[in-house]
Structure formats: C-alpha cells, structure tokens
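K.L.:
The structure under discussion is supplied below as structure tokens; questions concerning it will follow.
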Amino acid sequence: LNDDDIAAAAAVTKSPYYRDDDVNYEGDDLLLKRLTLYFKEEVMKWCNQPPCCNGTCTGNDDGKQMESKGMRGPITQEEKSGGASRVEVYNCTLCNTETVFPRYNSPRALLSSKRG
Numbered sequence: 384l385n386d387d388d389i390a391a392a393a394a395v396t397k398s399p400y401y402r403d404d405d406v407n408y409e410g411d412d413l414l415l416k417r418l419t420l421y422f423k424e425e426v427m428k429w430c431n432q433p434p435c436c437n438g439t440c441t442g443n444d445d446g447k448q449m450e451s452k453g454m455r456g457p458i459t460q461e462e463k464s465g466g467a468s469r470v471e472v473y474n475c476t477l478c479n480t481e482t483v484f485p486r487y488n489s490p491r492a493l494l495s496s497k498r499g
C-alpha cells in the first residue's frame, strides 16, 4: 500500500461507511469493519464474469454476454506469480473473442487487478 491508499483508508472512519450495526463495534474492530467496507465498495470490484477483453466489442461492462468455456490451471508467468488458483475461460457471444480471467489468491495481484 502506498501513502494514497493509507490516506484513503483513514477516511473510512467518516460517515460514508457508517452502518446501523456500528453501535456493536468500537475502536479497532469498528475501524477494521469500515476498512473492509471501503475495500469492498471502493477498491475492489466483484466479478462473476469478466467483460470482453476486445476493446472494440459493443458488449457491456458487466460481462453478461460472456459464455463460460470452462477452467484451466495457471499457464502464464503472470497467472503463476499472482497465485491464480484457477483460470476461467470465457467466449464473447457478440464478437467471438476468448477472454481469460485468473482467480488470484495473492493480495498483491488482487490489488493490482482490482477484480475478484
């Protein structure tokens, strides 16, 4: 994490991450709860299916046009170094482009891709 990440995480103690059950937490527990919300809502993006990797595809960003072709193990150096447990393979039904989506286990790889 760099200084900007730390400053952004510190801002999490302010009201945008307040939840009704915050009264059940205090101190470090409350900070950890709000940091978790910050990373879940602001830093990371949940991904069931990746968007098409073809930049000229007219598909949407949520990957709804993507069709699963199955899974494989990590092959590339990037997939291996990121600790990918598996690599999902998809085909775009609009442009017929194959897209791979590594499911990383490494926090560093996850923070770099911001998708998980």
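For the sequence shown, my numbering assigns the number 384 to the initial residue and increments by one for each residue that follows.
Heads up, the beta-carbon is just placed ideally off N, CA and C, and yes, glycines get one too.
Note that the structure is predicted; figures quoted are calculated from it, not measured.
1. Taking the CB atoms as reference points, tell me whether Cys436 and Gln448 lie closer together than 8 angstroms.
2. Write down the C-beta distance between Tyr473 and Ser451 rounded to the nearest angstrom, noting that I regard them as a contact closer than 8 angstroms.
3. Give every residue of the same chain whose Cβ lies closer than 8 angstroms to the Cβ of Cys430, excluding the five residues on either side of it in the sequence, and list them in chain order.
4. What is the rounded straight-line gap between the Cα of Pro490 and the Cα of Thr459?
5. Residues in its own chain within less than 8 angstroms of Tyr408 by CB, not counting five upstream and five downstream?
P.N.:
Let's see:
1. Along the sequence shown, one-based indexing puts residue 436 at 53. Along the sequence shown, one-based indexing puts residue 448 at 65. In this structure, Gln448 does not lie closer than 8 angstroms to Cys436 by Cβ.
2. For this step, residue 473 is matched to residue 90 along the sequence shown. For this step, residue 451 is matched to residue 68 along the sequence shown. That belief holds up - the Cβ atoms of Tyr473 and Ser451 are roughly 6 angstroms apart, short of 8 angstroms.
3. Taking the first residue of the sequence shown as 1, we reach residue 430 at position 47. Correct list, in chain order: Gly446, Phe484, Arg498 and Gly499.
4. Here the question's residue 490 lines up with position 107 in the sequence shown. Here the question's residue 459 lines up with position 76 in the sequence shown. Distance between the alpha carbons of Pro490 and Thr459: 18 angstroms.
5. Within the sequence shown, the letter at position 25 stands for residue 408. Only Lys416 meet the Cβ criterion.
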